[in-house]
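Enquirer: Residue numbers (my numbering), protein chains in the order written: chain G, 1 to 305; chain R, 1 to 297.
Backbone N, C-alpha and C define an ideal beta-carbon position, used for all residues, glycine too.
None of the values given here were measured: they were computed from a predicted structure.
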Amino acid sequence: MRRFLDRHWYAYAMVLPVVVVIAVLVLFPLAQGVFFTFTNINEGNIANPILDRPATYVSVGLDNYLKVLSGDASYGAFWSTLVRTLVWTFGCVFFHYTIGLALALLLNRQVRGRAVYRVLLILPWAVPAFISAFAWKYMFNAQYGIINQFLRFLGLPDPVWLGQSDWALVAVVIVNVWLGVPFMMVALLGGLQSIPGDLYEAAEVDGASAWQRFRDVTLPGLRSVSSTVVLLGIIWTFNMFAIIYLITGPNPNTRILVTYAFERFFSGASRDFAVASTYGVLILSVLLVFAGVYRRALRKQGEVW
Amino acid sequence: MSVEAASLQAVQPARGLKRSERSVLASVGLHGALVVASLIAVFPVFWVLVTSFKPDAKAVETTPKLVNDSSVDNYVRILSGEKGDFLAWFGNSVLIALMTTVLAVFLSATTGYAASRFRFPGKRSLMLSFLVVQMFPFAVLIVPLYNILLDLGLQGTSLGLVLVYCTTAVPFCTYMLKGYFDTIPTDIDEAGRVDGLSPIGVFWRLVLPLARPGLAVTAFYAFLTAWGEVAFASAFLSAADESKTLAVGLQVFVQQNRTEWGHLAAASILVAIPAIVVFYLVQRFLVTGLSSGAVKG
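#1: Taking the beta carbon of Thr237 (chain G) as the centre, do at least 16 other beta carbons fall within 10 Å, making it buried, or is it exposed?
#2: Check this for me: beta carbons of Phe36 (chain G) and Ala274 (chain G), under 8 Å apart or not?
#3: Closest to Leu298 (chain R) by CA distance: which of R:Gly262, R:Leu159 and R:Gly196 is it?
#4: Is the CB of Val127 (chain G) under 8 Å away from at least one CB in chain R?
#5: Nearest to Pro64 (chain R) by alpha carbon, out of R:Leu224, R:Gly262, R:Ala272 and R:Pro274?
#6: Determine the DSSP secondary structure at Ser59 (chain G), reduced to helix, strand or coil.
#7: Exposed or buried, what is Pro220 (chain G) when buried is set at 16 or more other beta-carbons lying within 10 Å of its beta-carbon?
#8: Give, in chain order, every unbroken run of the alpha helix (DSSP H) that is at least 4 residues long and sits entirely within the segment 127-184 of chain R.
#9: In the DSSP assignment, find the alpha helix (DSSP H) that holds Ala41 (chain R) and state where it starts and stops.
#10: What do you reckon, is the C-beta of Glu204 (chain G) under 7 Å from a heavy atom of the ligand GTP?
#11: Any beta carbon from chain G within less than 8 Å of Gly228 (chain R)'s own beta carbon?
#12: Between the C-alpha atoms of Leu281 (chain R) and Val60 (chain R), what's the straight-line distance to the nearest angstrom?
#13: Run through the DSSP bridge pairs and tell me what Arg53 (chain G) is partnered with.
#14: Does Ala202 (chain G) get closer than 8 Å to chain R when you measure Cβ to Cβ?
#15: Extract the residue ranges of the alpha helix (DSSP H) inside the segment 79-128 of chain G, only unbroken runs of 4 or more that lie entirely within it.
#16: Quick one: what does DSSP say Leu66 (chain R) is sitting in, helix, strand or coil?
#17: In three-state terms, what does DSSP make of Leu359 (chain G)?
#18: Considering only the beta carbon of each residue, do Val258 (chain G) and Ile235 (chain G) sit closer than 8 Å?
#19: Just to confirm, is the Cβ distance from Phe134 (chain G) to Ser268 (chain R) under 8 Å?
#20: For a cutoff of 8 Å on Cβ pairs, would you count Ile131 (chain G) as touching chain R?
#21: Take Asp6 (chain G) and list the residues in its own chain whose beta-carbon comes closer than 8 Å to its own, dropping the five residues that flank it on each side.
#22: Taking CB distances under 8 Å as the criterion, tell me whether Tyr180 (chain R) reaches chain G.
#23: Classify Arg118 (chain G): buried if its beta carbon has 16 or more other beta carbons within 10 angstroms, exposed otherwise.
#24: In angstroms, rounded to a whole number, what distance separates the CA positions of Ile41 (chain G) and Asp72 (chain G)?
#25: Assess, as a yes-or-no matter, whether the segment 226-244 of chain R is touched by the segment 89-97 of chain R under the definition of 3 or more beta carbon pairs within less than 8 Å.
#26: Report the neighbours of Ile142 (chain R) on chain G: residues whose CB is nearer than 8 Å to its CB, in chain order.
#27: Is the Cβ-Cβ distance between Ser38 (chain R) and Leu120 (chain G) less than 8 Å?
#28: Short check: CB of Leu199 (chain G) to CB of Val175 (chain G), under 8 Å?
#29: Do the CB positions of Val58 (chain G) and Thr39 (chain G) come within less than 8 Å of each other?
#30: For Leu237 (chain R), which residues does DSSP report across the bridge?
#31: Give the interface partners of Glu61 (chain R) over in chain G, defined as CB-CB distance under 7 Å, in chain order.
#32: Give the DSSP-derived three-state secondary structure of Ala14 (chain R) in the structure shown.
#33: Assign Thr110 (chain R) to one of three DSSP states: helix, strand, or coil.
#34: Who are the near neighbours of Asn253 (chain G) in its chain, counting only those whose CB is closer than 7 Å to its CB and skipping five residues on each side?
#35: Can you confirm whether His8 (chain G), when its beta carbon is compared against all beta carbons of chain R, has any partner nearer than 8 Å?
#36: Cβ closer than 9 Å: which chain R residues qualify as neighbours of Trp167 (chain G)?
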């Protein structure tokens, strides 16, 4: 034991603060949140130290899970919400990645004014999300929004973007794509620069076309960066609540799992902590399963992290 | 898995085709694509700026114009505190964001360094748990977190909120910095040890100064996490007007049935300025940091 500590004490000393903070502020609340999913806890029966009222919630077993997983509309229509969440997640991440990669490839060339382009293109990342949300909400407004004015100017139809239709989902996807591209672009740009230049020269000597160079040098060279940022992107987008919540509010056409959990949590006369936590646990489960599958798929291709 | 901090920064001179080898048509296409993308990236911010000078009534006209009775009245009214104690909110936000930045950079630097340099039991599960932490929707933790902060006596204080922000920022920052430390040769550490520095001395006096570009990106990320957050700030800070952050305070402009778009736009610009300033400083620092960090090869 003593030798063990002698060898590792500085590593543990450096890690300890983070472990303590995460344990106290994440794992412990997480455990409590899981416990809540087996109760009927809400605003009315939780212990309230200010009113000096003891907790009166009771255990309900698996009731919350059964209600949510039945797909009942009064519990958020879990399955159709899950499908919408997947559409939202993969739609957003697909455009984040493809647009980010395209811009990174452009910026990786020698272009006059590249530093300026780079600053401008990263700008959406620097703007606080609630301000971006407000800006787009204003621009998407059906009457006085600039986007519809532009569409009318072009003679195109001008939908009511943020109303009760799937246009609202399209709108929030557009906003989230705008918001998420800079991160992907910068990460992929770094990846592009770590590909040795000799590889390109060798490919050129061998007479590879531009497309072949892209397919056989660039894409494999980006594999490890890509696998990481795509996984992170999927996790973040799956749980991205601020944009949807601030732009469309409780609109059922843009409801994803996280926003519904939040709705349950904050709105309604009796804030339903139990069902909100149940959704949280289900979200975590879906993501854990996904990450496991993803990792296995990567490992098959010889990539391990 | 690692997110390379090197990859989150700006950029060395590119390889690829030299300009002379490119046809005029390709040049036009390249610049055209970049200009369109830049316009899309910048336009929403530009449009908020334009709107911020319009009176509320003009901001909702059906044919938006660039200039429409524009003046700085919105700014004057916000800064004079007519719409709530804007300057106090601003101060709170700055304080909380700076505290989060310092603490998160410190925590993720030590953890990232340990993960990069030392092999110790539990390292793998630690890094995996950082990934899992990002998967749980934090919003749902609000009730348990509230109780814990209450027990620790931190409920309603800035420090409590800062710690909560750190839990969201630190896992990703740790990954990023671990990737960055991996690019710094271990020879440097060994040379430092030979010269009689302790492991922590090596970290503090040799590696950290070399990792400044990585630290800058981390700081940027942590600052933005805290600066723009709404849900926790509204749940964990006391309801008194003078203890709100900007993100919470700004909700006064969207209440009732109508939104005061002109005022909201002006306030948004005031909120966005510090974030963009930080972004710009980091951006410049990164470019110099990269060229001077020749030791990384």
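Expert: Here's the rundown:
#1: buried
#2: yes
#3: Outside the shown range of chain R, which is 1 to 297, sits residue 298 (chain R), and nothing can be said about it.
#4: yes
#5: R:Gly262
#6: strand
#7: exposed
#8: 142-151 and 158-182
#9: Val24 to Ser52
#10: In the structure on display, the ligand GTP does not appear, and there are no ligands present to speak of.
#11: yes
#12: 35 Å
#13: G:Asn48
#14: no
#15: 114-126
#16: coil
#17: Residue 359 (chain G) is absent from the structure shown; chain G starts at 1 and stops at 305.
#18: no
#19: yes
#20: yes
#21: none
#22: no
#23: buried
#24: 20 Å
#25: yes
#26: Phe265
#27: yes
#28: no
#29: yes
#30: R:Gly156
#31: Tyr144
#32: Here the model assigns Ala14 (chain R) a pLDDT of 46, short of 50, so the residue's position is not dependable, and the following value carries that caveat. Here Ala14 (chain R) sits in coil by DSSP.
#33: helix
#34: Gln164, Ser165, Asp166, Ala168 and Leu169
#35: yes
#36: Chain R residues near Trp167 (chain G): none, gap ~18 Å exceeds 9 Å.
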